[in-house]
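Q: Can you read through this structure? Questions will come right after.
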Amino acid sequence: MDTRTATAELGWISFPANGWEEVSGYDENLNTIRTYQVCNVFEPSQNNWLLTTYVDRRAAQRIYVEIRFTVRDCASIPSVLGSCKETFNLYYLETDRSMSDGIKGVDTIAADESFSQVDFGGRLMKVNTEVRSFGPLSKGRGFYLAFQDLGACMSLLAVRVFYKKCPSVVQNFAFFPETLTGAESTSLVIARGSCIQNAEEVDVPIKLYCNGDGEWMVPIGSCSCKSGYEPDNGNVCRACPQGTFKSSQGAGVCQQCPLNSRSTIEAATLCGCRNGYYRGDMDKPEDMCTSVPSAPRNLVSVVNQTSVLLEWHTPRDTGHREDLSYNILCRRCHSNERRACQPCDDSVLFLPGKRALKDNTVEISKLRAHTSYTFDIQAVNGVSNKSPYPAQQLSINITTNQAAPSVVPIMHQVSSTSRSFSLSWPPPEQPNGIILDYEIRYYDKSFKSEGVFSVIQSETPNVILEGLRPGTGYAVQVRARTVAGFGSYSKEMLFQTLTDDEYKSELGQQLSLIAGSLVGGVCIVSIVAIAIICSRYLTRTHSLTHSPGVKIYIDPYTYEDPNEAVHEFAKEIESSCVKIEEVIGSGEFGEVYKGRLKPLGKKEILVAIKTLKVGYSERQRRDFLAEASIMGQFDQPNIIRLEGVVTKSRPTMIITEFMENGALDSFLRQNDGQFPVIQLVGMLRGIASGMRYLAEMSYVHRDLAARNILVNSNLVCKVSDFGLSRYLEDEDTSDPTYTSSLGGKIPVRWTAPEAIAYRKFTSASDVWSYGIVTWEVMSYGERPYWDMSNQDVINAIEQDFRLPAPMDCPVVLHQLMLDCWQKDRNARPKFHDIVSMLDKMIRNPASLKAGTNNIGLGPPHHPLLDRGAPDLSRVSSVEDWLTALKMSQYRDSFLLSGFNSLPLVTQITAEDLQRIGVLLAGHQKKILTSVQSMRPNADDQSPTESV
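Below, the structure written as structure tokens:
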């Protein structure tokens, strides 16, 4: 309200009628204004009221009133009675336009200056201006102002009513809306900001404070231009033009694309490399794109018996990178034909190594004598793995010379008497020809200083040394001989003959042992017979009784009220016992926190706290609590433990034990290669034990994956995340891990074929998922099926493709994976079978060596090798052969690489397939298995050896 602008009657209410009077007047600038005057000073007991029209407060909580007025000095009025005043009172009334008795006083206002006379020509009246404020206002949409005169001679020249606000502003790349001041003049009102277009939060929350004078102050948090955008004119984020990029959020500006890269769109966060150029995994966005190196140059070799020294020069083109290294590929050849070569044995020794060499030289030893070898020197750098083409290499063929056999590694004493002992030994690791015989030399340790040796020959790797002294130690050495001569002697080993008394005692013990064995055998047979009879009786008795204590999982969705299920299976915790400390992640329904639980009378423990976000629907609350109802039914060391729930206060919480190392997949990626195989098997055993427990309770997990396995500080793995049931009904497909199928979401890479196709989830489908988890563990968290799309994964599994063994994975573990991935779900092992298999592996660590097979766990096989073998009897060309194998996509690659006839195909190797472009391990195995079956001597070599 501002009466200075009024040109018509104000229409305020005056009481009594002879009190305040509305008149037109002039202000000090001689502008016409509407005023109210009162001057009943000659009458006693004045109480004159003036009420304004209704004022809408527009949500303001504090109102300011500016009053311009004049007051006549009582002393200048002749014959005035004692009731004359020089003040008046200001009141306000909150209301929704209806009058009420709730009038409130603001202040008694006195004039700073009053006048004593009026010069009607010069207008010597003195104008006072006073400002008052009142609040807080909250009861109505507006208010009335009231002026009370108790006997003054005065004029209200103008009344202005206003409130204060902070205007909308853009500051620190955040927009803050117009904000009203608070209820008190000292109040600070928080205004939440939002990032301007193309900006993102730097600090949360973003806010400004609006003070009582309508001024912004104390900025907290800020936004900054996101990647692909740069700041312009202080508070605008402008898109990077073509040819530039900005890779990170912040105050930085767009940069020109690095060398050998370009951007063809605006707001680029990265410049793509031009054809033939790449960025390495560790390269930064601002680094130039580089290329793969050319082949090494000037390769020379020096052959020394069964060793060879290779040296070469650096490639002419290093690809503009400084991380150049070399790989050595070794092949042993049966003839001059390249295709007749096969990879070298693992026993061949490379110094300093055969991968990632920095020097331009390598020494290769422990080769076979009189054998042809081909060595390929590959030059690689940080982008060689990005190129679709094989690394460029330089090759050399050499033939080793004749060489004496290597040293016999060790000797064993088979038996001993007082006059002799029997020894045996394994053949040398590198015989380098046919062993003609062995030479054994020995001497009495008592006469070592005399240098007297005895020497005998043996055509077999064993010997009996006779004519020895009782109770005497002898040092023995052995060496092998071929047509190239003797090898070196083995190291000395000391063997002892028995004394005469020891020999007699041992002979007596042997006779006693024989007699005891006969008696023991009779007893064992009797005990076994009794055990069989008792077992049959107990089995018959057990079949007639019910097994007590068997616990079966109860689906919480069968309860009409979800609160009933959660109260039955989960313990209610007082919110005062829970202390939230920090955010560690976000879940489907809200934030996940690390915190502490201090139950009354118990020790404080670390816990993980899942919360239900604000604004949840009733269905979301039901699904959230359903997971607690499920967890609360489980009690097993390898299942995440539920501590309890908070449902009687906000926020709703699920509280579980805290797992220090987090999710298994990320934990393995952070510790790549840090654990021995036996420890990984122990972790897998824990997961299998937890799943066995769930299967026995008739619970199907449906989402078993390494991301849903949690790891504590003792590396104990525990199955978690029992909420996939909601995914199967939810139509949201924003998470690429879960693909929509038949109205629900499925984690395709971990899910059995029958579950994807028909939603048939059973413990057998969980076993399939366990096989994928085993592959994740052995590959240290690698993504199953790599970057294949979900549909490609489904098609590949339908065509019997199975994931290959991870690097250094024992055969028995890959065999376990393949058993879990049987297409027929009835052929897959049960979880109790898996636990037993893993226990056998742990008790027999030798079975876990890479490349070995464990007898007793089943023969090695692969579904691609022993299932659905193609009929090759009518194959007459390479094209027909590939079509029979369902590999016709490689036809042009085979023909262009020179493999245009079946005789040439039978000589193909794994290296040839990589060069051709057959990169999938499953396809390589299928092709090489078929090649092996086509060779004339196919029965002499197993498919596994060929592969």
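Heads up: the sequence shown begins at -3 in this note's numbering, then just goes up one per residue. We put the beta carbon where it would ideally sit given N, CA and C, even for glycine.
Please return the same chain residues whose Cβ sits closer than 8 Å to the Cβ of Pro227, not counting the five positions on each side in sequence.
A: Locating residue 227 in the sequence shown gives position 231, where the first residue counts as 1. Taken in chain order, the residues that qualify are Phe169, Ser220, Cys221, Cys233, Arg234, Ala247, Val249.
Q: Beta-carbon within less than 8 Å of Tyr533's beta-carbon, same chain only, minus the 5 sequence neighbours each way: which residues are those?
A: Mapped onto the sequence shown, residue 533 falls at position 537. Residue placement at Tyr533 is flagged as unreliable, the pLDDT there being 37, under the threshold of 50; the coordinate-derived value follows with that caveat. Within the same chain, Tyr533 has no close Cβ partners at all.
Q: With contact counted as at least three CB pairs below 8 Å, one residue from each stretch, are the region 252 to 268 and the region 365 to 376 in contact?
A: no
Q: Can you give the beta carbon distance from Tyr438 to Val404, rounded, assuming they're within the 8 Å contact cut?
A: By 1-based counting over the sequence shown, the position of residue 438 is 442. By 1-based counting over the sequence shown, the position of residue 404 is 408. Contact flag wrong, Cβ pair sits at about 14 Å.
Q: Ile576 and Ile605 look like a contact to me (Cβ under 8 Å); what is the Cβ gap, rounded to whole Å?
A: Counting from 1 along the sequence shown, the entry for residue 576 is found at position 580. Counting from 1 along the sequence shown, the entry for residue 605 is found at position 609. Between Ile605 and Ile576 the Cβ distance is about 6 Å, and since that is below 8 Å, they are a contact.
Q: May I have a chain-ordered list of the alpha helix (DSSP H) segments no shorter than 4 residues that lie completely inside the region 900 to 930?
A: 906 to 912, 917 to 930
Q: What residues in its chain sit with their C-beta under 7 Å from that of Val19, if we drop five residues either side in the sequence?
A: Your numbering for residue 19 matches position 23 in the sequence shown. So the qualifying residues of the chain are Thr31, Gln33.
Q: Look up Asn124 in the DSSP assignment and say whether it is helix, strand or coil.
A: In the sequence shown, the residue the question calls residue 124 occupies position 128. Strand at Asn124.
Q: Would you mind giving the Cβ-Cβ distance between Ile912 and Tyr886, rounded to the nearest angstrom? I have them listed as a contact below 8 Å.
A: Numbered from its first residue, the sequence shown carries residue 912 at position 916. Numbered from its first residue, the sequence shown carries residue 886 at position 890. Contact holds; Cβ gap of about 7 Å.
Q: For Val214, which residues of its own chain have a beta-carbon under 8 Å away from its beta-carbon, when the five flanking residues on both sides are left out?
A: Locating residue 214 in the sequence shown gives position 218, where the first residue counts as 1. Excluding sequence neighbours, Val214 sits near Leu184, Leu204, Tyr205.
Q: Report the residue ranges of all beta strand (DSSP E) runs contained in full by the region 134 to 171; include only those spanning at least 3 residues, in chain order.
A: 138 to 145, 149 to 158, 165 to 167
Q: Quick check: the Cα distance between Ser321 and Gly268, rounded to an integer number of angstroms?
A: To locate residue 321, count along the sequence shown from 1; it is residue 325. To locate residue 268, count along the sequence shown from 1; it is residue 272. Approximately 25 Å, taken between the alpha carbons.
Q: Comparing alpha-carbon positions, which option in Lys382, Tyr434, Val410 lies nearest Ala400?
A: Within the sequence shown, numbered from 1, the residue matching residue 400 stands at position 404. Closest by alpha carbon: Tyr434.
Q: Got a sec, what are the start and stop residues for the alpha helix (DSSP H) Ala842 sits in?
A: Within the sequence shown, numbered from 1, the residue matching residue 842 stands at position 846. Segment: none, Ala842 is in no alpha helix (DSSP H) and carries neither H nor E.
Q: Identify the residues that DSSP records as bridge partners of Trp45: which are they?
A: The sequence position of residue 45 within the sequence shown is 49, counting from 1. Phe11, Gln144.
Q: Tell me which same chain residues have a C-beta within less than 7 Å of the C-beta of Ile790, skipping the five on either side of it?
A: Taking the sequence shown and counting its residues from 1, the one referred to as residue 790 is at position 794. Hits under 7 Å: Val744, Ile752.
Q: One question on the structure: do Thr302 and Lys350 come within less than 8 Å of each other, judged by their Cβ atoms?
A: Along the sequence shown, read from residue 1 onward, the residue named residue 302 stands at position 306. Along the sequence shown, read from residue 1 onward, the residue named residue 350 stands at position 354. Not in contact: Thr302 and Lys350 (Cβ atoms no closer than 8 Å).
Q: For Pro806, which of helix, strand or coil comes out of DSSP?
A: Position 810 of the sequence shown holds residue 806. Assigned with DSSP and collapsed to three states, Pro806 falls in coil, not helix or strand.
Q: From Ile216 to Glu564, what does the alpha carbon distance come to, in whole angstroms?
A: Against the sequence shown, residue 216 aligns to sequence position 220. Against the sequence shown, residue 564 aligns to sequence position 568. Rounded to whole angstroms, Ile216 to Glu564 spans 46 Å at the Cα level.
Q: Could you spell out the range, first to last residue, of the alpha helix (DSSP H) harbouring Ser687?
A: Numbered from 1 along the sequence shown, position 691 holds the residue referred to as residue 687. Here the sequence assigns Met to residue 687, which means Ser is not the residue at that position. Element bounds for Met687: 673 to 692.
Q: Where His857 and Gln811 are concerned, what is the direct C-alpha to C-alpha distance, given to the nearest angstrom?
A: By one-based count along the sequence shown, residue 857 stands at place 861. By one-based count along the sequence shown, residue 811 stands at place 815. With a pLDDT of only 37 at His857, under the threshold of 50, the placement of this residue in the model should not be trusted, and no figure is reported.
Q: With Gly591 as the anchor, note down where its beta strand (DSSP E) starts and where it stops.
A: Here residue 591 refers to the residue found at position 595 when the sequence shown is read from its first residue. Here the beta strand (DSSP E) through Gly591 covers 587 to 593.
Q: What number of angstroms, rounded off, separates the C-alpha of Asn231 from the C-alpha of Pro386?
A: On the sequence shown, position 235 is the one that residue 231 refers to. On the sequence shown, position 390 is the one that residue 386 refers to. Distance from the CA of Asn231 to the CA of Pro386, rounded to the nearest whole angstrom, comes to 50 Å.
Q: Would you say Ile59 and Leu133 are within 8 Å of each other, going by their C-beta atoms?
A: Position 63 of the sequence shown, counted from the first residue, corresponds to residue 59. Position 137 of the sequence shown, counted from the first residue, corresponds to residue 133. Yes. Within cutoff.
Q: Between the C-alpha atoms of Asn14 and Ser181, what's the straight-line distance to the nearest angstrom?
A: By one-based count along the sequence shown, residue 14 stands at place 18. By one-based count along the sequence shown, residue 181 stands at place 185. When rounded, the distance between both Cα atoms is 38 Å.
Q: Assuming Asn397 and Val299 make a contact with CB atoms under 8 Å, what is their CB distance in whole Å?
A: For the purposes of this step, residue 397 is taken as residue 401 along the sequence shown, with counting starting at 1. For the purposes of this step, residue 299 is taken as residue 303 along the sequence shown, with counting starting at 1. Right, their Cβ atoms sit about 6 Å apart.
Q: Give me whichever residues DSSP pairs with Val212 in a beta bridge.
A: To locate residue 212, count along the sequence shown from 1; it is residue 216. The residue asked about is misnamed: residue 212 is Trp in this sequence, not Val. In the DSSP output, where bridge partners are listed per residue, Trp212 has Cys206.
Q: With which residues is Pro602 paired in a DSSP beta bridge?
A: Here residue 602 refers to the residue found at position 606 of the sequence shown. Note on residue identity: the sequence assigns Leu, not Pro, to residue 602. In the DSSP output, where bridge partners are listed per residue, Leu602 has Arg592.
Q: Where are the beta strand (DSSP E) runs, 3 residues long or more, that stay fully inside the region 600 to 665, in chain order?
A: 601 to 607, 638 to 642, 649 to 653
Q: Going straight from the alpha carbon of Met284 to that of Asn381, what length do you get?
A: Mapped onto the sequence shown, residue 284 falls at position 288. Mapped onto the sequence shown, residue 381 falls at position 385. Cα-Cα distance, rounded: 17 Å.
Q: Of the choices Asn27, Glu109, Phe718, His828, whose alpha-carbon is the least far from that of Asp551?
A: Mapped onto the sequence shown, residue 551 falls at position 555. For the residues Asn27, Glu109, Phe718, His828, the minimum Cα distance to Asp551 belongs to Phe718.
Q: So, using beta-carbon positions, are Thr652 and Glu568 closer together than 8 Å?
A: For the purposes of this step, residue 652 is taken as residue 656 along the sequence shown, with counting starting at 1. For the purposes of this step, residue 568 is taken as residue 572 along the sequence shown, with counting starting at 1. Contact: no.
Q: With burial defined as no fewer than 16 other Cβ atoms inside 10 Å of the residue's Cβ, what is the status of Asn634: buried or exposed?
A: In the sequence shown, the residue the question calls residue 634 occupies position 638. Flag for Asn634 reads buried.
Q: Which value, in whole angstroms, describes the spacing of the CA atoms of Lys826 and Met784?
A: The residue you call residue 826 lines up with position 830 of the sequence shown. The residue you call residue 784 lines up with position 788 of the sequence shown. Straight-line Cα distance between these residues: approximately 29 Å.
Q: In chain order, what residues of the same chain have a beta carbon less than 6 Å from the beta carbon of Gly136, not counting five sequence neighbours either side?
A: In the sequence shown, residue 136 corresponds to position 140, counting from 1. Contacts found: Glu90, Thr91, Asp92.
Q: Tell me the DSSP secondary structure of Pro552 in three-state form.
A: As a working mapping, residue 552 is identified with position 556 in the sequence shown. Here Pro552 sits in helix by DSSP.
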